[in-house]
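In this note's numbering, the protein residues as written are 136 to 422.
Let me begin by presenting the structure, written as structure tokens, before commenting on it.
Written out as structure tokens, the structure is:
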């Protein structure tokens, strides 16, 4: 009886051992399969990362080439355009009263077109210069930068009756000339796209944990929220030229300036309720 019990125990132990071996084999096979999958995923991820790096490098190179092309094209177009503009204006001055009404109208169209082309080329040059000829970042008094922008826009501000106020503008490292331009573009927009009341523009900032947050608020005609991103795309316009002049480059320049400093820019607005443009500058960094 004891011998039978012993044999039964040995048999159960053998079966248990065999079961354990089967379990170990199954788990080992599963682990090997999982390990192979992980190796494949790691390999695929590395390949994807490498492709992403190559794409980023190609995009950066393309952007630099496009910037250079825009700069060179705009620069090289200046001289022939000046010549065309000068001769068309000369035609207008000399022969305005000596030609029929149709000829006068055609010359007026040519003068207007040449003027708009000159404005567009100047703005395109400004756009390309943001990334190619920007100054080094120095301590910049943003109140002073705003004051210079206001001086530059004296005529438009006086004509529109705009009132501009400011509060809590800091002194931080930035490209001063570019933020004069940014303020100038935003204030110019506020005076241009004004409502029935004279423009009221308030510029302020506040210090956050990792960045400075600036805002430029106006009481103008505002925009629908569906266009909040589109307005920062180069050459995008929401209104026809007959009603509001401009090239559609000003806000795209503002976006490039903010991004060059490592920040971003956006707008919050409603039709007939004014707009508030926000932009950030990190406490450290910039491009």
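No residue lacks a Cβ here, since even glycine has one placed at the ideal position from N, Cα and C.
Owing to the predicted nature of the structure, the values given are computational and were not obtained by experimental measurement.
Flag this pair as yes or no: are the beta carbons of residue i and residue j separated by less than 8 Å?
i           : j           : result
residue 410 : residue 355 : yes
residue 365 : residue 383 : no
residue 306 : residue 275 : yes
residue 368 : residue 412 : no
residue 223 : residue 246 : yes
residue 262 : residue 391 : yes
residue 395 : residue 269 : yes
residue 288 : residue 319 : yes
Between the C-alpha atoms of residue i and residue j, what's the straight-line distance to the nearest angstrom?
i           : j           : result
residue 387 : residue 198 : 15 Å
residue 153 : residue 179 : 38 Å
residue 328 : residue 357 : 8 Å
residue 216 : residue 284 : 28 Å
residue 415 : residue 237 : 52 Å
residue 244 : residue 212 : 20 Å
residue 109 : residue 254 : The requested residue 109 is not part of the displayed model; the chain covers only 136 to 422.
residue 227 : residue 252 : 18 Å
residue 418 : residue 160 : 57 Å
residue 139 : residue 157 : 27 Å
residue 360 : residue 242 : 40 Å
residue 401 : residue 322 : 15 Å
residue 257 : residue 389 : 15 Å
residue 149 : residue 142 : 10 Å
residue 317 : residue 277 : 11 Å
residue 249 : residue 214 : 12 Å
residue 349 : residue 196 : 31 Å
Can you tell me whether residue i is buried or exposed, with buried defined as 16 or more other CB within 10 angstroms of its CB?
i           : result
residue 281 : buried
residue 362 : exposed
residue 340 : buried
residue 404 : buried
residue 118 : Past the boundaries of the shown model lies residue 118; the chain is included only from 136 to 422, so the question cannot be answered.
residue 183 : exposed
residue 353 : buried
residue 173 : exposed
residue 292 : buried
Tell me which same chain residues have a C-beta within less than 7 Å of the C-beta of residue i, skipping the five on either side of it?
i           : result
residue 239 : 231
residue 272 : 308, 309, 310, 421
Can you list, in chain order, the residues of its chain whose CB lies under 8 Å from that of residue i, leaving out five sequence neighbours each side?
i           : result
residue 407 : 330, 356, 357
residue 298 : 333, 334, 335, 336
Candidates the options: which alpha carbon is nearest residue i's?
i           : options            : result
residue 397 : 143, 385, 177, 345 : 345
residue 260 : 196, 167, 385      : 385
residue 295 : 325, 313, 321, 303 : 325
residue 264 : 249, 189, 210      : 210
For residue i, which residues of its own chain have a beta-carbon under 6 Å away from its beta-carbon, when the five flanking residues on both sides are left out?
i           : result
residue 303 : 339, 340
residue 315 : 280, 283, 284
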